[in-house]
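For reference, the structure is listed below as structure tokens.
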DNA sequence: TTCCGTGCAAAGAGTTTGCATCTGT
DNA sequence: ACAGATGCAAACTCTTTGCACGGAA
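Chains as they are written, first to last, in my numbering: chain A, 899 to 1063; chain B, 899 to 1063.
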């Protein structure tokens, strides 16, 4: 599903559920769906301010809360990196997080769902969702890093994109 | 390694690194290592208050920060469940989290490290650590739950223990 | 004796909430 | 018209920090 279809489908779905499509909401959702990374609440807010200068942070939080309830956004809470959101691919999938530049790359691992199902069967848990994240240095930071183990953090954005998987 | 050995080794290691072994620290660390679950900061604090009534929350946080730096405790940050700590097995391992009663069970999945290594090789990331959590209903809550999909949260403690894995 | 650790209180960040106003339907 | 959304500010939780006192080594 391409971004345009995803946006239209999402908006339809929200309308069907009785949610109102205010300009602010549409702007937030559009940004979320079109964003090629894993934006923070702050980034979403900044992105729509030019179009809707009075939009408050609270509205962004409320809109995200609504989307979360409907399962239309994946929330990635990190301790220090803050919370990031993925409105493009709301289904659980592995992430690779660079502890130096903060880049977050998606990865699709075939067979993961089966693995989760197997663990569920073995333990008796009814697994509804999961989270699989890996932390380390992205290729770019690896090349630049003084020492391969040094862990720092910055806001470099040279690798905020996706990985083929 | 049994709990007793783990405690002694950890204390030795801290001493070797020049940290002072105050009674409060020893109490916090002992509780952390002996705890059969994944205690919160608050729980650790409450646990040592009977022995050291003046201990502050700040000291617990500072002690945990020290242990984290030394890699002697695994921090599990959850959005709503708060942060939990594992001082028994600080190495990354999968967890099964019950979204109804809050129970957190450990699980050891053989072959996980190889899987992570494979993903690292494919993506070029230098993976230093990872996190793999599954969310759903534990066996006990499954049996009690009105509907298998209902997700609620409480502080039931009927299943805070470990799973064989 | 010397720092490091402790404990209190204040500060801080991120997120949520109450409420009056506004608006999509 | 009216239920629902917005925006502002206050509140809230969890965690960190500054600083003077106290205690481990």
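Cβ atoms here follow ideal geometry from the backbone N, Cα and C, with glycine treated the same way.
Check, Outcome
"Chain A residues whose Cβ lies nearer than 9 Å to that of residue 1037 of chain B", "1021, 1022, 1023, 1024"
"Span of the beta strand (DSSP E) around residue 973 of chain A", "972-976"
"Which listed residue (A:1031, A:1021, A:967, A:1014) has its alpha carbon closest to that of residue 996 of chain A", "A:1031"
"Residue 984 of chain A classed as buried or exposed, judged by whether at least 16 other C-beta atoms fall within 10 angstroms", "buried"
"Short Cβ contact (8 Å threshold) for residue 998 of chain A with residue 938 of chain A", "no"
"Reduced DSSP category for residue 955 of chain B - H, G, I as helix; E, B as strand; rest coil", "helix"
"Near-chain B residues of the region 968-988 of chain A (beta-carbon distance less than 9 Å), N- to C-terminal order", "973, 975, 976, 977, 981"
"Residues of its chain near residue 907 of chain A, where Cβ-Cβ distance is below 8 Å and the 5 sequence neighbours each way are ignored", "899"
"For residue 982 of chain A, the first and last residue of its enclosing beta strand (DSSP E)", "980-984"
"Anticipated Cβ contact below 8 Å, residue 1033 of chain A with residue 1028 of chain B, distance rounded", "6 Å"
"First and last residue of the uninterrupted beta strand (DSSP E) at residue 1027 of chain B", "1024-1035"
"Boundaries (first-last residue) of the alpha helix (DSSP H) holding residue 925 of chain B", "921-932"
"Test: residue 1000 of chain A CB closer than 8 Å to a CB of chain B", "no"
"Contacting residues, own chain, Cβ-Cβ under 7 Å from residue 945 of chain B (five flanking each side not counted)", "929"
"Rounded C-alpha distance that separates residue 1035 of chain B from residue 978 of chain A", "28 Å"
"Cβ of residue 1011 of chain A within 8 Å of any chain B Cβ", "no"
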